[in-house]
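See structure below.
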DNA sequence: AATTCGGGGCC
DNA sequence: GGCCCAGAATT
């Protein structure tokens, strides 16, 4: 038996202070818990913090978020990645605002847009003290080590989920579901880390089968990943001296609904200059303007840049002031392109 | 069950 | 250069 009391005692002394966390004894704001959980999906705490602060200041309540134009929500999300999250966030806010509040149980939360099994359990536990154990990457690692589960992910997910649920049956865990969930996160983030776990400092060291077997650092094992193919594209920086031409990507799919520089499709073959220029937004004296490399989850991209200045822009898309390019809501790959061609201030 | 979705920090 | 991250939706 792994004692929840030992973890909770450790958490009471060593828990991380994070902007979306309420103080001990303070009732959490479900909106803030939910917002943070969506942002934290596959995204590190360090990356989320500045976005969370800005986002919360701009949209202080779920009603304010629901009432905002979608384009403004997407612009506030720009650079954080996985943009379907932002669209689902907005859709979820509208449902919740119409209902009046967030549902308090796992199944009802699970039915909302952008909320899957993990987030439903996390919001229920953290915001409403429902005795659920959310299983994220941290918890998978902790549980795989505690029980020495050597089968590789993702096949071992059911066994790991069962182990996590077993941990949550401890009466001490059931007495503090919100703290127990966050304690598991903090243990995974600060002690039971991916490469070199600090087992000497771990409150669960005595009961850890992985540590006892000397294989903790190797767990969880994972199936090998496929190689990322290389793709090529060309994009165009067209300015009239005060504005630059942008366009909107299709609402779904990669970078769905985000702004971009006009360009070619992205494909496996390289683009000859003349071939790429056939995709230019208008006829002009295009000059080569460097290359940008960017890694996506499942492919790597190399973009050849072309730039031109004309007196009058006549092309499809919309014009954005050069001086406010950082506020254009460009995804990171396009911010790289803009910075390569137009090395201005450079920050967001 | 597999694939498609971003981006950055850290080793 | 690879790994990881408070995963979900789609196919």
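Numbering (full-length UniProt numbering), first residue to last: 1 to 348.
All residues carry an ideal CB built from backbone N, CA and C; glycine is no exception.
For residue 302, the enclosing beta strand (DSSP E) stretches over residues 300–309. One alpha carbon belongs to residue 195, the other to residue 320, and they sit about 45 Å apart.
Annotation: the continuous beta strand (DSSP E) that includes residue 295 extends over 287–295.
Straight-line measurement puts the Cα of residue 141 at about 37 Å from the Cα of residue 64.
Proximity to residue 299 across 230, 292 and 245 peaks at 230, based on C-alpha coordinates. Counting C-beta pairs with one atom in each stretch, the stretch 103–112 and the stretch 75–83 have fewer than three that are closer than 8 Å, which means they do not touch. With a beta-carbon spacing of about 5 Å, residue 210 and residue 219 fall inside the 8 Å limit used to define contacts. Cβ atoms of residue 307 and residue 287 come within 8 Å of each other, at about 6 Å. Per the C-alpha coordinates, the member of 41, 185 and 116 positioned closest to residue 11 is 185. In the DSSP annotation of this structure, the continuous segment of the beta strand (DSSP E) that includes residue 237 starts and ends at 230–239.
For residue 247, the closest C-alpha among the options 260, 50 and 253 is that of 260. When rounded, the separation of the alpha-carbon atoms in residue 165 and residue 132 is 8 Å. Distances from the CA of residue 305 to each of 256, 274 and 297 were compared; the closest alpha carbon is that of 274.
Residue 55 carries a helical assignment under DSSP once its states are collapsed to helix, strand and coil.
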